[in-house]
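Below is one structure, written out as structure tokens; the observations come after it.
Numbering (full-length UniProt numbering), first residue to last: 1 to 100.
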């Protein structure tokens with residue numbers, strides 16, 4: 001049986017303090033990329049797919065080749081709200097299985 005291959009990767013972040021605005025989250029990630037890697041990387045394509053009702057978690061979809069940059073940028077960012085990686089996977093449904 002052949003495995004399905006996706007060109008996307010999914011990252012679930014916790015957000016502190018919580019933010020109910022997807023555009024704020026997107027801008028926070030963009031600012032973190034700018035701070036870490038410069039202007040070209042700040043324009044990485046990404047989609048905010050899900051934002052928790054209380055704004056404490058978010059799931060973003062990014063290109064497979066951009067995952068490491070986004071995770072490094074989030075880890076080193078001093079911006080607010082603060083993003084912390086909860087889980088990442090090329091398979092979206094795997095992010096729904098709790099915080100493991």
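All C-beta atoms in this analysis are idealised placements derived from N, C-alpha and C, irrespective of residue type, glycine included.
Are residue i and residue j close, meaning C-beta to C-beta below 8 Å?
| i | j | result |
| --- | --- | --- |
| residue 58 | residue 46 | no |
| residue 44 | residue 5 | no |
| residue 14 | residue 76 | no |
Quick one: is residue i buried, meaning 16 or more other Cβ sit within 10 Å of its Cβ, or exposed?
| i | result |
| --- | --- |
| residue 19 | buried |
| residue 78 | exposed |
Pick helix, strand or coil for residue i, following the three-state DSSP scheme.
| i | result |
| --- | --- |
| residue 16 | strand |
| residue 22 | helix |
| residue 11 | strand |
So residue i and residue j are supposed to be a Cβ contact under 8 Å. How far apart are they, rounded?
| i | j | result |
| --- | --- | --- |
| residue 95 | residue 12 | 5 Å |
Report all residues from its chain with a CB closer than 7 Å to the CB of residue i; omit the five preceding and five following residues, and keep chain order.
| i | result |
| --- | --- |
| residue 2 | none |
So, for residue i: in the same chain, excluding its five sequence neighbours on each side, which residues have a beta-carbon less than 8 Å away from its beta-carbon?
| i | result |
| --- | --- |
| residue 80 | 17 and 28 |
Return yes when the C-beta of residue i is under 7 Å from any heavy atom of the ligand ZN, and no when it is not.
| i | result |
| --- | --- |
| residue 94 | Among the components of this structure there are no ligands whatsoever, and the ligand ZN is therefore not found. |
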